[in-house]
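Chemist: Letter by letter, the sequence shown follows residues 13 to 158 of my numbering.
First, the structure itself, so that you have it in front of you.
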Amino acid sequence: MTHWSDFAIQAPDLAAFGQLRFKSGVAYLASVREDGGPRVHPVTPIVSDRLFLFMEPTSPKGRGLRRDGRYALHCAVENSEGGGGEFWVRGLATFTDDPADRAAATQASPYAPAARYILFVLSVEEAFMKQYGADQALVRRWSALA
């Protein structure tokens with residue numbers, strides 16, 4: 013599992029851009045439904061040395077991630093011109109009930125997670141960014157496999 017901190021060491025500028033974009037608001041989590049179809053959920057990612065997601069224990073996204081941990085996570089974009097830029101990561105989500113993980117995620121969270129929320133750690137296996145300029149777009153990619 014490639015943690016956010018590993019990604020940040022290998023691609024510091026890309027990770028810094030991603031952290032900034034994920035802090036800008038809601039992000040969108042894509043997961044796999046039982047029938048193999050895609051599902052998209054609004055979420056609030058938490059970036060520290062790892063990438064975390066808290067959620068309601070009855071959430072369909074939690075059931076889906078426990079069954080099939082593959083995910084993609086895309087930041088919100090401010091406008092139709094791509095304001096602020098795009099950033100996404102993909103990897104595997106793993107449920108954790110480790111108290112140390114929960115403490116780390118809670119400390120890094122921009123909100124106070126409810127005690128009932130469950131927690132996932134998301135590996136970072138691939139990342140992509142695109143910043144839009146007047147003349148051209150700046151695109152960067154990173155892969156743990158490269």
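Glycine included, each C-beta is placed from N, C-alpha and C at the ideal position.
I'd like the ranges of any alpha helix (DSSP H) spanning at least 4 consecutive residues and lying wholly in the stretch 48–104.
Modeler: Complete alpha helix (DSSP H) runs here, min 4: 72–79.
Chemist: Quick one: give me the first and last residue of the beta strand (DSSP E) that residue 43 is part of.
Modeler: Where residue 43 is concerned, the enclosing beta strand (DSSP E) stretches over 39–44.
Chemist: Give me the Cα-Cα distance between residue 95 and residue 144, rounded to the nearest whole angstrom.
Modeler: One C-alpha to the other measures close to 7 Å.
Chemist: Find out if the Cβ-Cβ distance for the pair residue 103, residue 136 is shorter than 8 Å.
Modeler: In contact: residue 103 and residue 136 (Cβ atoms closer than 8 Å).
Chemist: Quick one, which of 157, 53 and 18 has its alpha-carbon nearest residue 75's?
Modeler: Out of 157, 53 and 18, 53 has the C-alpha closest to the C-alpha of residue 75.
Chemist: Over what stretch of residues does the alpha helix (DSSP H) that includes residue 124 continue unbroken?
Modeler: Neither: residue 124 is in no alpha helix (DSSP H) and is coded neither H nor E.
Chemist: In the structure shown, what three-state DSSP assignment does residue 14 receive?
Modeler: Residue 14: coil per DSSP, three-state reduction.
Chemist: Label residue 112 either buried or exposed according to how many other C-beta atoms from any shown protein chain fall within 10 Å of its C-beta, with 16 as the threshold for buried.
Modeler: By the neighbour-count rule (16 or more Cβ atoms within 10 Å), residue 112 is not buried but exposed.
Chemist: Taking the beta carbon of residue 107 as the centre, do at least 16 other beta carbons fall within 10 Å, making it buried, or is it exposed?
Modeler: With fewer than 16 Cβ atoms within 10 Å of its Cβ, residue 107 is classed as exposed.
Chemist: Exposed or buried, which one is residue 21 when buried takes at least 16 other CB atoms within 10 Å?
Modeler: Exposed, because fewer than 16 other Cβ atoms sit within 10 Å of the Cβ of residue 21.
Chemist: By alpha-carbon positions, which one of 82, 123, 39 and 72 ends up nearest to residue 97?
Modeler: Cα-wise, what sits closest to residue 97 is 39.
Chemist: According to DSSP, is residue 31 helix, strand or coil?
Modeler: DSSP places residue 31 in helix when its eight states are reduced to three.
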